[in-house]
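Here is the structure we will look at.
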Amino acid sequence: MIFFSLSFCYIPLHAHNFCEEAFYNFPDSISQITGSQETKHPTAKESFKRNFSYMGIPFITAGLIVKERNTDFRTLRNRFKPAFHHRYDDYTQYVPLAATWGMKLAGVQSRSSWKELAVSNVFSAALMAGFVNSLKYTTRETRPDNTSNNSFPSGHTATAFMCATILHKEYGMKSPWYSIGGYTLAGITGVTRQLNNRHWIGDILVGAGIGMISTDLGYFFSDLIFRRDNADTWKTNTAYDRYDTPSFLSFNMGIASGPSALRTAEIYDSEGGSPLGMRLKVGTATVVSVEGAYFFNAFIGAGGRLKVATLPVIADIPAENMRNFDMDSDLKEGAPVNLFLLDGLESDHLGMFDVDLGLYFSYPFSRHFQIGSKLLVGRRINANFKLNSICRINPQIFDRGIVSEEVYNQFYKEDIDYYMNQDGISRDELLNSSFVDDDFLNIRKSATYKIGTGVSFTYRYKEDAALRLYCDYDFASPRLTYDLKNSWTDEEGNRNAHSYTKRTPMHNLTFGASIAFMF
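Residue numbers (this note's numbering): 669 to 1187.
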């Protein structure tokens, strides 16, 4: 399953990026300034400003916000890839760090000397482990697979993003592909932790943020210890102007609204029978996405977006329809009344995965502020989901003015005796009981084409980093198929399904914020 890679597979890569020219002009050790030149050591404030990128904070914030929807995103995992189990995340978390030290051993010039690299890495690992374990054993959150109570945050993901950020700081200025490779592996590690059912999505996002922040602080403390001179470190990224190309990669999070209800197929309990009259009311969706575009100049570019949304769905059925609906085909078999009365359908979440490509537009008001837009086309995949029925025993079956003893014995007695004996309950207790049928109504997985557009407002606070507010509009019209199973199981345990299909227009308006890597 690829969906939850939206959250971080292509995160902002160059939060710490520095000028390549500065890198090559200085040796791989602390500079010794001689002669009449006076060594100028940076203050702690200056060192912190250079080293701390703030890029981990949005991940932690997003993780804390999305924790309320942890179970919804896990449900999507269970529907798309329930049997996923691979252990490569135990190894991918360390690959960026191994690559850093491997290139250093091979003589590839890096940001730091050997001592600086060792000290910054030790500080980063110690801080990361301290943050992660302090939270794990104070929050004691249960893992999705119920194996232990140390789910929050994800230690594997924190380690992976710490290692990726070390690789980025040491070699990202030589080529952005080092950073892309490191953070992609870190993202894969985080995604695999959720696919393996070991972590919630909130655990992973917070873990990613902790890994990045710990590395920023580790390099900050290392620079203080070794008193790296202003001339012996990276330049602050201010050398950019209004008409620089605004190419970007961003991590986005937002909420989406849509129509008050989705059009649904007309569903009947039998051919020519009573209608269900169901309307699918929708709530506010939680949306996470990764988006990127390469700009040919300051105004136009091409790119794409990967997006996952979980949309709460509530089935609304008129009371009269529920009373008349033949729940288990009793009326069809000749019974005077239903054994069960429909009380409603349980709410669920519709999962949507979008893949889009298209044109991106930008207009710079200044070097810090830009407005943007886009025109996208793509595909939307809707996950299959179920609406479970909630029923109760019809009290009319005990009314001898409606149902005679002979008819009761013919249609109802065997089932009533079974329920009462199985649970050891009285008739009154049985009448007050609810029954859930988790195989009553299934909406099949579907795919359709879609279009989208949007507008964004960007604040570029560094040459390579920006904050963004956006509003996106997307339209899709999937053909949804509803499989109704309102019949008793046969001797082989199967139930007949009646299928109904209808094209369902979906208008989605998303408001959100993002953190973007600019290049």
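Think of the CB as a built atom: it goes at the ideal place given N, C-alpha and C, for glycine as much as any other residue.
Asked	Found
Cβ-Cβ distance between THR768 and TYR839 below 9 Å	yes
Euclidean distance between Cα positions of SER1182 and ASP1132	14 Å
Per DSSP, the bridge partner or partners of CYS1139	VAL1123 and PHE1179
Where the beta strand (DSSP E) containing HIS1036 begins and where it ends	No beta strand (DSSP E) holds HIS1036; DSSP gives it neither H nor E.
Per DSSP, the bridge partner or partners of ASN817	Answer is none; ASN817 lacks a bridge partner.
Simplified DSSP assignment, three categories, for HIS836	helix
Test item: CB-CB of VAL955 and THR807 under 9 Å	no
Contact check, GLN1064 vs VAL1071, beta carbons under 9 Å	yes
Anticipated Cβ contact below 8 Å, ILE869 with VAL981, distance rounded	Contact doesn't hold; Cβ gap of about 20 Å is too wide.
Cβ separation of SER1114 and ASN1050, assumed to be a contact under 8 Å, to the nearest whole Å	5 Å
Neighbourhood of ALA786 by C-beta, 7 Å cutoff - its chain only, sequence neighbours within 5 removed	none
Option in TYR908, ARG747 and ASP1107 with minimal Cα separation from MET1186	TYR908
Buried or exposed (CB count within 10 angstroms, at least 16 for buried), GLU959	buried
PHE664 - DSSP class collapsed to helix/strand/coil	This structure leaves residue 664 out entirely; the chain is present only between 669 and 1187.
Stretch-stretch touch, CB-based, cutoff 8 Å, three pairs: the segment 1044 to 1060 with the segment 1113 to 1127	yes
Unbroken alpha helix (DSSP H) run spanning THR768, endpoints	763 to 773
Per DSSP, cross-strand counterpart(s) of THR1149	THR1169
Endpoints, the beta strand (DSSP E) within which ARG973 is located	968 to 984
Rounded C-alpha distance that separates ASN865 from LEU795	26 Å
Top-ranked residue by Cα proximity to GLY1002, from GLN1078, LYS1042, ALA966 and GLU939	GLN1078
Residues that DSSP places opposite ASP1024 in a beta bridge	ARG973 and GLY1046
For ALA876, the nearest candidate out of ALA793, MET830 and SER788 (CA to CA)	MET830
Counted within 10 angstroms of its Cβ, other Cβ atoms place TYR1150 as buried (16 or more) or exposed	buried
Exposure of ARG991, with buried meaning 16 or more beta-carbon neighbours within 10 Å	exposed
C-beta contact flag for ASP1016 and SER1102 at 9 Å	no
Distance between PRO1032 and ASN814 (C-alpha atoms, nearest Å)	50 Å
Residue nearest to LYS1081 in terms of C-alpha spacing, selected from GLU784, ASN1006, ALA929 and ILE1111	ASN1006
Check whether PHE919 and ALA774 have beta carbons under 9 Å apart	no
Candidates ALA977, THR1172, ILE881 and TYR1129: closest to ALA793 by CA position	ILE881
Backbone CA spacing between THR1126 and ILE1111 [nearest angstrom]	39 Å
Which listed residue (THR711, ARG1147, ALA1184 and ARG1163) has its alpha carbon closest to that of ARG931	ARG1147
Cβ pair TYR887, SER957 closer than 9 Å	no
ILE1093 beta carbon less than 9 Å from that of TYR1087	yes
ASP1016 (DSSP reduced to helix, strand or coil)	strand
Opposing strand residues paired with GLU959 [DSSP bridges]	SER918 and ARG973
Within-9 Å CB hit, GLN1078 to chain B	Protein chains in the displayed structure number just one, and chain B is not present.
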